[in-house]
Amino acid sequence: MPNEWWRDAVIYQVYPRSFADSDGDGMGDLPGITGRLPHLKQLGIDAVWLSPFYPSPQHDAGYDVADYRSVDPRFGYLGDADKLVTEAHHLGLKFIVDLVPNHTSSEHAWFQAALAASPGSPERERYIFRDGRGDQPPNSWTSMFGGSAWERVPDGQWYLHLFDVSQPDLNWGNPEVRAEFTGILRFWLDRGVDGFRVDVAHGLIKEATLAEWTQPSAILGGLDPVGPRPPMWDQDGVHEIYQEWRAVLNEYEPARILVAEAWVAPADRLARYVRPDEMHQAFNFEYLEAPWRAADLRKVISSTLAANDSVGAPTTWVLSNHDVVRHASRLGYPAGTRRMNGIGADDPQPDAGLGLRRARAATLQMLALPGSVYLYQGEELGLPEHTTMPDEVREDPAWKRSGHTERGRDGCRVPIPWEADAPSYGFGPSDASWLPQPATWAEFALDRQAGVPGSTWELYRRALSLRNEHGLGRGTLTWQETSSDVLAFRNGDVLVLSNLGKSLVALPAGARVLLTSEPLDADGRLPGDVTVWAVV
Numbered sequence: 000m001p002n003e004w005w006r007d008a009v010i011y012q013v014y015p016r017s018f019a020d021s022d023g024d025g026m027g028d029l030p031g032i033t034g035r036l037p038h039l040k041q042l043g044i045d046a047v048w049l050s051p052f053y054p055s056p057q058h059d060a061g062y063d064v065a066d067y068r069s070v071d072p073r074f075g076y077l078g079d080a081d082k083l084v085t086e087a088h089h090l091g092l093k094f095i096v097d098l099v100p101n102h103t104s105s106e107h108a109w110f111q112a113a114l115a116a117s118p119g120s121p122e123r124e125r126y127i128f129r130d131g132r133g134d135q136p137p138n139s140w141t142s143m144f145g146g147s148a149w150e151r152v153p154d155g156q157w158y159l160h161l162f163d164v165s166q167p168d169l170n171w172g173n174p175e176v177r178a179e180f181t182g183i184l185r186f187w188l189d190r191g192v193d194g195f196r197v198d199v200a201h202g203l204i205k206e207a208t209l210a211e212w213t214q215p216s217a218i219l220g221g222l223d224p225v226g227p228r229p230p231m232w233d234q235d236g237v238h239e240i241y242q243e244w245r246a247v248l249n250e251y252e253p254a255r256i257l258v259a260e261a262w263v264a265p266a267d268r269l270a271r272y273v274r275p276d277e278m279h280q281a282f283n284f285e286y287l288e289a290p291w292r293a294a295d296l297r298k299v300i301s302s303t304l305a306a307n308d309s310v311g312a313p314t315t316w317v318l319s320n321h322d323v324v325r326h327a328s329r330l331g332y333p334a335g336t337r338r339m340n341g342i343g344a345d346d347p348q349p350d351a352g353l354g355l356r357r358a359r360a361a362t363l364q365m366l367a368l369p370g371s372v373y374l375y376q377g378e379e380l381g382l383p384e385h386t387t388m389p390d391e392v393r394e395d396p397a398w399k400r401s402g403h404t405e406r407g408r409d410g411c412r413v414p415i416p417w418e419a420d421a422p423s424y425g426f427g428p429s430d431a432s433w434l435p436q437p438a439t440w441a442e443f444a445l446d447r448q449a450g451v452p453g454s455t456w457e458l459y460r461r462a463l464s465l466r467n468e469h470g471l472g473r474g475t476l477t478w479q480e481t482s483s484d485v486l487a488f489r490n491g492d493v494l495v496l497s498n499l500g501k502s503l504v505a506l507p508a509g510a511r512v513l514l515t516s517e518p519l520d521a522d523g524r525l526p527g528d529v530t531v532w533a534v535v
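Using numbering that gives the first Met the number 0, you'd call the opening residue of the sequence shown number 0 and step up by one each time.
Structure follows, in structure tokens:
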């Protein structure tokens, strides 16, 4: 399968606001990303996934799209997007863009037309408008960002918004909506993009009667593999949509891909999204959420590999993204502690040293697994969550809509540091930064790590090189029996040991060490919270 490049690809997520600012206005942009692509090539990744850059009022950092066929002037112009795709391809990198089909911005022309139209009109049929129950909304569904999922308009009807009030949900039972998004796919495919990461892929179809649901609807970041499926998530009708999309992508060469952001459990339910005539990949959030315990990790790895193997799809592995606390901080809490939705200065703080140590071990473990890997910008620098951000600068709508109880995702979205002694740590030519950068981030800057043995940057770079050299992405995992605190497996000729306990672990006799996340002890034994790759 030489053309199926995604099966073992290492894909790097760029969050446009926070990657590189070319003009000094404090906001990252497309020319800034283009200028930094050589960094990603040097790192050793295979593809770039770019979070939304479309025209948007930015109520949810671009996931409220006002025009799917253009570029927000904050980030540049359509020609800048073309140059970015061209330069990525010149460097041998694939280029994936974000698609947000569950909802539009309330400033989208379609929604403005719906507000101006009357109940029952074709314009309103593009969204989910309903009459209320007297002065109450149509049902008790809640928004992912807090509060009701319904908003009333002046003529008395209500519209559904599973996210912010500025993000009205589209009606995917409407053929006009389906035709519009087929056109959007073709627009970007014709411009050369190599695929789409599909936002909220499990949410497009709602249960037909909008059945009552009084439990919290927050399946994002809270997988429940045994409870009943909420009527707004993972309905069977979504699969017909992705079959239609797959047929469109199949018309293009070289191969293009669809990647599902689908918070779905158990693993065999998620595997339905990656059957041969649907999507190519789906994010493995069960792995991201797994506690730092050997038994839990082994269970998740085994179940997800088996589920994806059953439909002939590769498994993906991910530890951080723009929606969760960075794993260098998340793993700084005791195993089993749940920290996904932001950390504030008055919250219990993670152990920074322990968090980075475990993050490096977890990353080395992840990069040895067969399948495809997703990296989030800055994790190759060991960046932690910004946990002391002043509350008054937070922009995530979850912060406001939750009544200031959910810190939100701003802490993982802070502009990344490139140069320790430059303005905004090299993010841009000025000191401006749309979210404040911690004063301690100079130590994480790329120019403090490049060429420094043992740095997190060099660990990632070496691991990606060895992963490619040993064909780990297309290998086969075989578990090795060991003590209960150790995760041990073989992938091809590489033995991987992750010590999640406190006792030192001896390596097999004759083992030749390829790479360790931290040094072995003086006797060549594996310390706690360390991963080693070896050939025996």
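Even for Gly, the Cβ is constructed at its ideal location relative to N, Cα and C.
Q: Less than 8 Å between the CB atoms is what I'm expecting for T80 and V70, so what's the real figure, rounded?
A: One detail in the question is off: residue 80 reads as Ala in this sequence, not Thr. About 5 Å separates the two Cβ atoms, so the contact holds.
Q | Outcome for G352 when other beta-carbon atoms lying within 10 angstroms are tallied against a minimum of 16 | A | G352 is exposed by the Cβ-count criterion.
Q. Excluding five sequence neighbours on each side, which residues of the same chain lie with their C-beta closer than 6 Å to the C-beta of V263?
A. H201, D233 and L269
Q. Three-state secondary structure (DSSP) at P526?
A. coil
Q) Which stretch, first to last residue, makes up the beta strand (DSSP E) that contains N173? A) Segment: none, N173 is in no beta strand (DSSP E) and carries neither H nor E.
Q | Helix, strand or coil at T386 according to DSSP, with G and I counted as helix | A | Reduced to three states, the DSSP call for T386 is coil.
**Q.** Rounded Cβ spacing between V96 and W5 (contact assumed at less than 8 Å)
**A.** Incorrect: roughly 15 Å between the Cβ atoms, too far for contact.
Q.
Can you give me the C-alpha to C-alpha distance between A552 and E379, rounded to a whole angstrom?
A. Past the edges of the chain, shown from 0 to 535, lies residue 552, and the structure says nothing about it.
Q.
Whole angstroms are fine: how far does the CA of S483 sit from the CA of E457?
A. 30 Å
**Q.** Limits of the beta strand (DSSP E) - the one that I536 falls within
**A.** What is shown of the chain runs 0 to 535, which leaves residue 536 out entirely.
Q: Mark G119 as exposed unless 16 or more other C-beta atoms lie within 10 angstroms of its C-beta, in which case mark it buried.
A: So G119 ends up on the exposed side.
Q.
Once the 5 residues before and after A116 are set aside, which same chain residues still bring their CB inside 6 Å of it?
A. By the criterion of a C-beta distance shorter than 6 Å, A116 is surrounded in its chain by E122 and R123, once the five residues flanking it on both sides are discounted.
(Q) Restricting to Cα atoms, I'd like to know which of W140, A60, R129 and P167 is closest to W109. (A) P167
Q: Can you give me the Cβ contacts of S55 inside the same chain, cut-off strictly under 7 Å, excluding the 5 residues immediately before and after it?
A: Excluding five sequence positions before and after S55, the CB atoms of its chain that fall closer than 7 Å to its own CB belong to G61, D63, V64, A65, D71 and S104, given in chain order.
Q: Just tell me which of Q57, A112, L39 and Y76 has its CA closest to the CA of H88.
A: The candidate whose alpha carbon is nearest that of H88 is L39.
Q. What is the DSSP secondary structure of T314, counted as helix, strand or coil?
A. coil
Q) Is any heavy atom of the ligand ATP found at a distance shorter than 7 Å from the C-beta of G352? A) As for the ligand ATP, it is missing from this structure, which has no ligand bound.
Q. Anyone know if the C-beta pair for V451 and L494 falls short of 8 Å?
A. no
(Q) According to DSSP, Y126 sits in a beta bridge with which residue or residues? (A) L169
Q: Could you have a look at R268 and say whether DSSP puts it in helix, strand or coil?
A: helix
(Q) Distance check for N173 and D420, CA to CA, integer angstroms please. (A) Distance between the alpha carbons of D420 and N173 is about 54 Å.
Q: Give me whichever residues DSSP pairs with Y373 in a beta bridge.
A: Looking at the DSSP output, Y373 shares a beta bridge with I10 and V317.
(Q) Using 8 Å for Cβ pairs, my map puts S17 next to P435. What's the rounded Cβ distance? (A) 12 Å between Cβ atoms; not a contact.
Q: Taking P389 as the reference, give the member of Y424, S423 and G341 with the closest Cα.
A: G341
Q. In the structure shown, what three-state DSSP assignment does D276 receive?
A. coil
Q: Using the DSSP secondary-structure output, state which residues sit across from S497 in a beta bridge.
A: L486 and T530
(Q) Tell me which residues share the same chain as S147 and place their Cβ nearer than 7 Å to its Cβ, disregarding the 5 neighbours each side in the sequence. (A) P136 and T141
Q. How is V237 classed by DSSP in three states: helix, strand or coil?
A. The DSSP-derived three-state label of V237 is helix.
Q: Using only alpha-carbon positions, find the residue among G410, L471 and W417 that is nearest to L445.
A: W417
Q: Look up K205 in the DSSP assignment and say whether it is helix, strand or coil.
A: coil
Q | Residues sharing a beta bridge with S147, DSSP | A | DSSP lists T141 as partners of S147.
Q) Given a threshold of 16 other Cβ atoms within 10 Å of its Cβ, counted over all protein chains shown, does S464 qualify as buried or as exposed? A) exposed
Q: Would you tell me roughly how many angstroms separate the C-alpha atoms of M231 and A113, rounded to the nearest one?
A: 22 Å
Q: Rounded to whole angstroms, what's the CA-CA distance from S432 to A462? Just pull it up for me.
A: 31 Å
Q: Compare the Cα-Cα distances from S429 to each of G23, N2 and V13 and report the closest residue.
A: Its Cα nearest to that of S429, the residue G23 stands out among G23, N2 and V13.
Q) Nearest-angstrom Cα distance between Y272 and N498? A) 33 Å
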